[in-house]
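Notes follow the structure.
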Amino acid sequence: MNFKFFPHTKEEIEQMLKQAGMNSLDDLYADVPEQIRFRGEYDLPEPMSETEIRSLFEKLGEKNRRLTVFAGAGCYDHYTPAVVPNIISRSEFLTSYTPYQAEISQGTLHYIFEYQSMMAELTGMDVSNASMYDGSTATAEAAIMALASTKKTDTVLVSASVDPKVLNVVKTYAHFHGFNVELIPENDGATDKAHMDARLEKGGVAGVIVQQPNYHGIVEDFTGFADSCHAQKSLFIVNSVAADLALLKTPGEWGADVAVGDGQSVGIPMAFGGPSVGYMCCTEKLMRKMPGRIVGKTVDNRGQRVFVLTLQAREQHIRRQKATSNICSNESLMALFVTIYMSVMGKEGVKEAAQISYDGAHYLHDALIATDLFSNKYERPFFNEFCVKYNGDVDRLQQRFIENGILGGVKVDTDTLMFAVTEKRTKEEIDKLVNIAKEEKL
Amino acid sequence: MAKVIEGLFYSESHEYVKVEGDFAYVGITDYAQHALGNVVYVDMPEVDDEVEADEDFGAVESVKAASDLISPVSGTVVEVNEALEDKPELLNEDAFENWIMKVQLSDKSELDALMDATAYEELCNKE
Amino acid sequence: MNNRLYGNLIFELSKPGRRGYSLPKNEFGHHEVPAKMRRNEDAKLPECDELTVVRHYTNLSANNFGVNNGFYPLGSCTMKYNPIINEEIAALPQFAALHPLQPEDTCQGALQVYYDMQKALSAITGLEEFTLNPFAGAHGELTGLMIIRAYHQSRGDLKRTKVIVPDSAHGTNPASAAVCGLEIVEVKSTAQGVVDVNDLRGLLDDTVAAVMMTNPNTLGLFEREIPEIQKLVHECGGLMYYDGANLNPMLGVCRPGDMGFDVMHINLHKTFSTPHGGGGPGSGPVGVRKGLEQFLPVPKVEKVGDRYRIVTSNDQNFNVHVGEFFGNYAVMLRAYTYILTLGKEHIRMVGPLATLNANYIKEALKDVYELPIPTVCKHEFVFNGLKDKSTGVTTMDVAKRLLDYGYHAPTIYFPLLFHEAMMIEPTENESKETLDEFIAVLRKIAEEAKATPEDVKTAPHNTPTGRVDDVLAAKQPILTWKQLSN
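Protein chains in written order, with UniProt numbering: chain A, 1 to 442; chain B, 1 to 127; chain C, 1 to 486.
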């Protein structure tokens, strides 16, 4: 065949066909009706050598611009320790399958156990699963989990301050799965608790979903939220930006039943939005209602402490249509990413990175306000992302930023920009952004 | 050979009903526990739940399988066997001794639709 | 190579005061997070130096078995070689450092790859247009079923709430249908292991939304009645869904679009060589025939002149959203690299060579392993355990014994049609020598089952870990370090 991924020589093919009782490769497909055989040529390019592929992507890459990122909205330019991508590229991790054969998959099972432990710590919850696809699908699955764990409910309340991209996914799942999504309005950018309480009292609510920091970057005060939910036997579901939980009050401390969110902020490259990793943690009480894979500790027949996929009776390969979810493949390698990240950053590093991001954002915020060109959209505490109104042409300003190699915030309204700062942004970069804004207005 | 006890009512989905006055104890049969293997978890209803004949009232899980519990009778759950929470293996030890829920029957005529021991034994032999 | 110290949990290697990171100096002055919003105590994450972390995870990796370690005949999973060049391309900073909300003008290269990839998948499958947004195969199934429901709903055909799946289907099929709010009806298989067309006929009516099939099916058999099946389903107003989990043997032979399927997903981590990563990230692009494009999820990418632009709404009453951005973009980059490497010429040989390999193993072992359906198979086939059942050696035992000889086990106890199912799938990348050696080992295990059955029943013996007690794990779940250390 003379192609690098096919080891078969011509002679071998003949020999193998003979042993399989066939005369030609075509014979192997004698059961495919001729009318549906594909005899044409694929509309694809000719095979490319590695050199040609490299140069093609080099050229395509030139059509992308690497910018200094001050945008967030669910995807953040955090620092990635060199150790992490190096270790996750080890082929024993990279090229292995889901760890169903525990005897030769302890590497994967072991790190998933560590991942679950770390996510439970970070969120302040009892248990975690082995990962979900991303923050939005994890949130939608949490909504379905709430419906399955409560009685006589058909509605999930979502705060209007939740990321609209997440809300869209929840609404999509709701539309087809068959439940209602009702929005809790916001008040100066934060969830209106009085409205939520009133709606909860009417009944039929499986769960309430809020976000922390919310879509506007605001750190919300969820005091009393869990009590309101639990009084009506509804679940309280908190979606959080993983990295920020190093400093923020945890979903567990707010009394959440389920904690979900996206793990991209934990140093995962932006990669045009994926792969990232969704996380889901919950109370011990809800453990068996959780979707996805779960790893637990056990022993082997040699008396060693080992790890194994467990509580599998929840899953699709056993329960089929009665499973808690259809999820099979998850984002295991990205869970390993998160695990190694948290191992090198450790207890202090995650706090320090979050604090620098927080400080940088507040520095930028204060500098923008000081120009008198920007004003606060909300009078609320924020973390490393915030919304400001600009008293000029937002599009023109953004274009000016781009010309200077800066992705200057996300336009969230005709007059409003949302900026995000991570520990990767330097004072020099921030000052440059502020100066461009000043010059643009001159 | 799975054990079958005289005097109980049986369903096709391998639950048994042991009637005492207006109440009934519902559990899974010895045949069912054999088929499942090591039981690791029993998902039970709560007291005061209403159960209906032919509808799920919980599930029994082993490592590699899970089976929904289908109530053979309708009524109100008055008690659940809490011992199964910590020791689900009791179902393997003696499925008939370890009932899952006690129900106040709302319609005793439903029992007529269930099998007696002889009929159930025949069903097990066939499967 | 498993070091006792570094093989511990990372939490057990932690010591207060150790550091494994370096961050830039804080130039911004301290701003205090309001006390009310702060967590009460730090997350108890490990504290380790960098080398300890590196050794720990390097040791863990030694307890894993990947495609690069050896033959991985895992049925239904298409464990093909994951080319190294794919990894290099996916890591290019010109792509890896892109923010998904960058203006279109600053990410034309990325958008072009998305567009060209979906066109390439159309060429390979014979369908009109693809979304690359679904994150995995099961997510693709769900997305595809959403598209099907949206289509029926758009026509006001609201009573179509049933999905028919074969009894041999992957577990994700019924589970995806359930998440999509659809009712599942099973269609029986014939004794020859394919869909029973008569049984199907009886199930078709105006409440059927779709029939989900994989072809070849999970027994590795081609559903040769597919022209008739698709005709019957379309006549009753239902759509045909193709589960692309078994697409690999069809490359170069037959396209789902030509078989009459309307909607399908592809597992890029199976057919298109992206690594399984211990269970993900995958990618599950979904394709539709002409006339269904408007139900595809947004965002999508379209080409106007020589520019690529992002479409965020379909002008439908309801837009499907299945993720925040463009799915697992970097996984798609790998798969696109693979397609370019094969090109139109070599992609044709993927299916035939994979199928040749499967038939070669099947024929060489059918005298010692029970072959319930003796016809030609496609990329995989199913043995029903050892032919000689008198030894008491089960499929589980054979699978575990294979580990001792340096092989990954086949998929076992699936499909559910056979009690001792053992599903073997060699990909086109495996050489004759590899297959011969594997055949020899499976024959040896069959002999061991007679001569020294205890050795097989207690296998594995040469792996770092022995058989695990999964009953204990499920009965008393210990899922975190906190629970373990208490």
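Glycine included, C-beta positions come from ideal geometry on N, C-alpha and C.
**Prompt:** Using 8 Å as the Cβ pair cut-off and three pairs as the minimum, do the segment 37 to 44 of chain A and the segment 64 to 71 of chain C touch?
**Reply:** Taking 8 Å as the limit for Cβ pairs, the verdict is that the segment 64 to 71 of chain C does not touch the segment 37 to 44 of chain A.
**Request:** Kindly indicate which three-state DSSP category Tyr16 of chain B falls into: helix, strand or coil?
**Result:** Under the three-state reduction of DSSP output, Tyr16 of chain B falls in the strand class.
**Item:** Beta-carbon contacts of Gly37 of chain B that lie in its chain and below 6 Å, excluding the five residues immediately before and after
**Value:** The answer, listed in chain order, is Ser62.
**Member of A:Lys4, A:Glu12 and A:Phe3 whose CA lies at the smallest distance from the CA of residue 543 of chain C** = There is simply no residue 543 of chain C to check, as chain C begins at 1 and stops at 486 in what is shown.
**Prompt:** Tell me which same chain residues have a C-beta within less than 6 Å of the C-beta of Ala120 of chain C, skipping the five on either side of it?
**Reply:** Only Ile339 meet the Cβ criterion.
**Asked** Thinking C-beta only, is Ile147 of chain C closer than 8 Å to Val286 of chain C?
**Response** Yes, they are a contact pair.
**Message:** Would you say Tyr31 of chain B lies against chain C (beta-carbon separation less than 8 Å)?
**Reply:** So no, Tyr31 of chain B is outside the interface.
**Item:** Environment of Ala451 of chain C [buried if 16+ CB atoms lie within 10 Å]
**Value:** The residue is exposed, with fewer than 16 neighbouring Cβ atoms inside 10 Å.
**Message:** Please identify the residue among C:Gln94, C:Glu88 and C:Leu51 whose C-alpha is closest to the C-alpha of Thr68 of chain A.
**Reply:** The shortest Cα separation from Thr68 of chain A among C:Gln94, C:Glu88 and C:Leu51 belongs to C:Gln94.
**Request:** Compute the distance between the beta-carbons of His170 of chain C and Ser76 of chain C, then report whether it is under 8 Å.
**Result:** Result yes, Cβ atoms of His170 of chain C and Ser76 of chain C sit closer than 8 Å.
**Prompt:** Exposed or buried, Ser24 of chain A, counting other C-beta atoms within 10 Å across all chains shown (16 or more means buried)?
**Reply:** An exposed status is given to Ser24 of chain A, since fewer than 16 other beta-carbon atoms sit within 10 Å of its beta-carbon.
**Message:** Rounded to whole angstroms, what is the Cα-Cα separation between Phe28 of chain C and Val410 of chain A?
**Reply:** C-alpha separation (whole angstroms): 23 Å.
**CA-to-CA distance, Met22 of chain A to Asp31 of chain A, given in whole angstroms** = Each residue's alpha carbon lies about 13 Å from the other.
**Prompt:** What residue from C:Phe222, C:Lys482, C:Pro100 and C:Ala210 has the CA that sits closest to Met264 of chain C's CA?
**Reply:** In this structure, C:Ala210 is the residue among C:Phe222, C:Lys482, C:Pro100 and C:Ala210 with its C-alpha nearest to the C-alpha of Met264 of chain C.
**Item:** Of the listed residues A:Lys322, A:Val434, A:Arg400 and A:Glu428, nearest to Pro103 of chain C (C-alpha basis)
**Value:** Here the closest residue by C-alpha is A:Arg400.
**Asked** Do you know offhand how far Ala330 of chain C's Cα is from Thr190 of chain C's?
**Response** Looking at the two C-alpha atoms, the distance is approximately 42 Å.
**Message:** Quick check: is the beta carbon of Arg293 of chain A nearer than 8 Å to any beta carbon in chain B?
**Reply:** When Cβ-Cβ separations below 8 Å define contact, Arg293 of chain A makes no contact with chain B.
**Prompt:** By the criterion of Cβ-Cβ separation under 7 Å, what are the contact partners of Glu61 of chain B in chain A?
**Reply:** Close partners of Glu61 of chain B in chain A (Cβ separation under 7 Å): Ala313.
**Message:** In whole angstroms, give me the CA-to-CA distance for Met1 of chain C and Asn59 of chain C.
**Reply:** Below a pLDDT of 50, predicted positions are generally treated as unreliable, and Met1 of chain C, at 46, falls in that range; the measurement from the model is reported next regardless. If I take the Cα positions, the gap works out to 7 Å.
**Prompt:** Under a Cβ-count criterion, where at least 16 other Cβ atoms within 10 Å of its own Cβ denotes burial, should Asp244 of chain A be classed as buried or exposed?
**Reply:** So Asp244 of chain A ends up on the buried side.
**Prompt:** Looking at the unbroken alpha helix (DSSP H) that takes in Glu50 of chain C, where does it start and where does it end?
**Reply:** Run containing Glu50 of chain C: Glu50 to Ser61, per the alpha helix (DSSP H) assignment.
**Proximal chain C residues relative to Asn38 of chain B, where beta-carbon distance stays under 7 Å** = At a C-beta separation below 7 Å, Asn38 of chain B has these neighbours in chain C: Val471.
**Message:** I'd like to know if Ala474 of chain C contacts chain B, where contact means its C-beta is closer than 8 Å to some C-beta of that chain.
**Reply:** Interface with chain B (8 Å Cβ-Cβ cutoff): Ala474 of chain C is included.
**Prompt:** Who pairs with Val195 of chain C in a beta bridge, going by DSSP?
**Reply:** Answer is C:Ser189.
**Prompt:** If you follow the alpha helix (DSSP H) that Asn98 of chain B is part of, which residue opens it and which one closes it?
**Reply:** Premise fails: Asn98 of chain B is in no alpha helix (DSSP H) and is neither H nor E.
**For Val113 of chain C and Ala71 of chain A, the rounded distance between their alpha carbons** = One alpha carbon belongs to Ala71 of chain A, the other to Val113 of chain C, and they sit about 23 Å apart.
**Request:** Kindly indicate if chain A contains any beta-carbon less than 8 Å away from that of Tyr10 of chain B.
**Result:** False, the Cβ-Cβ gap to chain A never drops below 8 Å.
**Asked** Are the Cβ atoms of Tyr241 of chain C and Phe222 of chain C separated by less than 8 Å?
**Response** Not in contact: Tyr241 of chain C and Phe222 of chain C (Cβ atoms no closer than 8 Å).
**Message:** Taking its Cβ as the centre, do 16 or more other Cβ atoms sit within 10 Å of Lys270 of chain C, making it buried, or is it exposed?
**Reply:** Its Cβ being crowded by 16 or more others within 10 Å, Lys270 of chain C is buried.
**Item:** Residue of A:Lys424, A:Tyr378 and A:Ala361 minimising C-alpha distance to Val434 of chain A
**Value:** Of the candidates A:Lys424, A:Tyr378 and A:Ala361, the one whose C-alpha sits nearest the C-alpha of Val434 of chain A is A:Ala361.
**Request:** Check the Cβ of Lys64 of chain B against every Cβ in chain A and list those closer than 9 Å, keeping chain order.
**Result:** The answer, in chain order, is Gln312, Ala313 and Ile318.
**Asked** Alpha carbon to alpha carbon, what distance is there between His78 of chain A and Glu439 of chain A?
**Response** Whole-angstrom Cα-Cα distance: 28 Å.
**For Ala242 of chain A and Gly267 of chain A, the rounded distance between their alpha carbons** = Between the alpha carbons of Gly267 of chain A and Ala242 of chain A lies a distance of about 10 Å.
**Message:** Helix, strand or coil, according to DSSP, for Val69 of chain A in the structure here?
**Reply:** DSSP places Val69 of chain A in strand when its eight states are reduced to three.
**Asked** Which value, in whole angstroms, describes the spacing of the CA atoms of Asp43 of chain A and Val441 of chain C?
**Response** Rounded to the nearest angstrom, the two C-alpha atoms are 42 Å apart.
**Message:** Out of C:Cys254, C:Asp206, C:Ile229 and C:Arg224, which one is the CA nearest neighbour of Cys236 of chain C?
**Reply:** Among C:Cys254, C:Asp206, C:Ile229 and C:Arg224, the Cα nearest to that of Cys236 of chain C is on C:Asp206.
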